[in-house]
Amino acid sequence: MVNELSIETRTLFAELMERLAVREAQRNIGNLDGSFSTKNISGRDYIYFQHYVAGGTKRSICLGQKTAALEELISQHKLEHQENLQDPIGIQELCAQLKAGRITTASHPVARVIRELADSSVFKVGGVLVGTHAFGCIGNVLGVRWDETTLGTQDIDVAAERNVSIAIPGVKADIPKALESLSMGFFPVPRLNPKHPSTTFAIRKSSLRIDLLTPKIGKSEDPVFIPRLNAAAQPLSHLGYLIEEPIPCCVINGEAIAVMVPQPLKFGLHKLIVSQLRDVTSGAKAHKDLHQAYQILSYFDRERSFELREAWKSLINKGGAWRKRAEAGLAAMQIFGALTTDLGG
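If you count by my numbering, then the sequence shown holds residues 14 to 358, one letter each, in order.
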């Protein structure tokens, strides 16, 4: 059952997103996790900054010979770092209030992994959180809490285009190193073809796993290496539609983790198509696809029917295969209920 969040909770979430945007825009030296040290070389003192880069690799950078300006920089870092630890813009407090308001949150292990991916710049270089965790985020954006049966999963799905223009040239992520730095025991799951690189990372004796995905181009289903993630991804049909023009959002668990997720309507319509691509052994997954699709599409059916009509029209105009699967998915979705919006032909 879908429940509308209270007006107070919806207002708090909007405020959280505004504060997250401010935090990202106001990143200062205090956001750098690391420490300064002094080394004496040939009778002269030099200042070094030690920090961990994406993936947990320790780096030491020489900032130059000790000067009054560098000493002031060290003092500034210490002051601003302490201010940031005190949550100056109240994000942690907002998250606590939102949790009390029954907003969708992530489990601690899932949030820990997503935070490491975010800190490793995955979502700054074109990575998009998809799957059920994105579905939960989308519910928060729309101001609703989805049916609990469609929220549970330990799978973390991240999708990325093969080539994108990113806002900060030169920034790269390293997913394998990021997962290794968590010390949670992630290992690459071997493929059936030993020549193919892994696109899935898992933990032994745990259901927690990460799948890396990319849009399918051509007929090949072989894994594709994505240099800016330093990892291979599994090509999937129709995925490009889902991750086109994603929106900023956040995963909540004590703190807020900035991520990118698909547009809500695209997520819902894409689920119709995905449900028709499942094989006969994946009936439970197809059922969940349709249930998630129904919850999103019925929201737009009630609240923003014009957007639903336009998005549907755009989808079925993509070609015969798209239309056939979308219409079949829409018909199958009737087990959960019918839409009142006339989607036309």
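Each residue gets a CB set at the ideal place from its N, CA and C atoms; glycine is no exception.
Note that the coordinates shown come from a computational prediction; the quantities given were computed from them, not determined experimentally.
Integer-rounded CB distance, given that residue j should sit under 8 Å from residue i
i: D139; j: A173; result: The sequence given here places Gly at residue 139; Asp does not occur at that position. Confirmed, Cβ separation roughly 5 Å.
i: R125; j: L195; result: 7 Å
i: P228; j: L252; result: 4 Å
i: I286; j: G342; result: 6 Å
i: H209; j: P189; result: Actually they do not touch by this definition, with Cβ atoms about 15 Å apart.
i: G77; j: Y59; result: 7 Å
i: V264; j: V141; result: Going by Cβ atoms, the distance from V264 to V141 rounds to 13 Å, so no, they are not a contact pair.
i: R32; j: L155; result: That belief does not hold up - the Cβ atoms of R32 and L155 are roughly 20 Å apart, past 8 Å.
i: R336; j: I329; result: 4 Å
Residue i classed as buried or exposed, judged by whether at least 16 other C-beta atoms fall within 10 angstroms
i: Q308; result: buried
i: S220; result: exposed
i: C75; result: exposed
i: K326; result: exposed
i: R338; result: buried
i: N153; result: buried
i: T294; result: exposed
i: K279; result: buried
i: D292; result: exposed
i: N41; result: Because the pLDDT of N41 is 47, which lies under 50, any placement of that residue in the model is unreliable, and the question is left without a value.
i: F200; result: exposed
i: A67; result: Since pLDDT at A67 reaches only 49, below the 50 mark, its modelled position is unreliable, and no value is offered.
i: V202; result: exposed
i: R315; result: exposed
i: D302; result: buried
i: R23; result: buried
i: A351; result: exposed
i: R115; result: exposed
i: I230; result: exposed
i: A34; result: exposed
i: Q289; result: buried
Among the options, the one whose alpha carbon lies nearest that of residue i
i: M14; options: T353, F349 and T354; result: F349
i: I239; options: V135, K218 and A299; result: V135
i: L86; options: A244, F49, I116 and L111; result: F49
i: V157; options: N176, I20 and I216; result: I20
i: T80; options: R57, K91 and Q63; result: R57
i: D168; options: F200, N176, P207 and F214; result: F214
i: W159; options: N243, N16 and R222; result: N16
i: G144; options: L255, R115 and K331; result: L255
i: E257; options: C108, N176, L356 and T354; result: N176
i: E161; options: S233, R336 and T117; result: T117
i: S250; options: A109, A334 and G198; result: A334
i: I104; options: L25, R336, Q63 and T163; result: L25
i: I127; options: A246, A344, V272 and E340; result: V272
Euclidean distance between Cα positions of residue i and residue j
i: A131; j: A147; result: 14 Å
i: E129; j: K91; result: 23 Å
i: A119; j: I54; result: 49 Å
i: H304; j: L111; result: 25 Å
i: L226; j: T51; result: 44 Å
i: E368; j: F313; result: Because the chain is modelled from 14 through 358, residue 368 falls outside the range shown and cannot be assessed.
i: K3; j: P122; result: Beyond the ends of the chain as shown, which are 14 and 358, falls residue 3; an answer cannot be given.
i: L282; j: L310; result: 8 Å
i: P182; j: D224; result: Its pLDDT being 48, under 50, P182 is placed unreliably by the model, and nothing is read from it.
i: P259; j: E84; result: 42 Å
i: D170; j: R204; result: 17 Å
i: G165; j: P277; result: 19 Å
i: I216; j: P207; result: 20 Å
i: A27; j: G267; result: 17 Å
i: T354; j: K284; result: 18 Å
i: A186; j: R36; result: 21 Å
i: A246; j: E234; result: 10 Å
i: M197; j: T212; result: 18 Å
Contact with chain C by residue i, beta-carbon distance below 8 Å
i: T294; result: Absent from the structure is chain C; it holds one protein chain and no more.
Return the chain-ordered ranges of every beta strand (DSSP E) run that is complete within the stretch 109-187 and spans a minimum of 3 residues. 141-143 and 168-172
Alpha helix (DSSP H) segments (min. 4 residues) lying fully within the stretch 247-302: 252-256 and 277-290
Hey, which unbroken runs of the beta strand (DSSP E) at 3 residues or more fall wholly within the stretch 198-226? 199-201 and 213-216
4-residue-minimum alpha helix (DSSP H) runs that sit fully inside the stretch 311-355, ordered along the chain: Fully enclosed alpha helix (DSSP H) runs of 4 or longer: 318-329 and 333-345.
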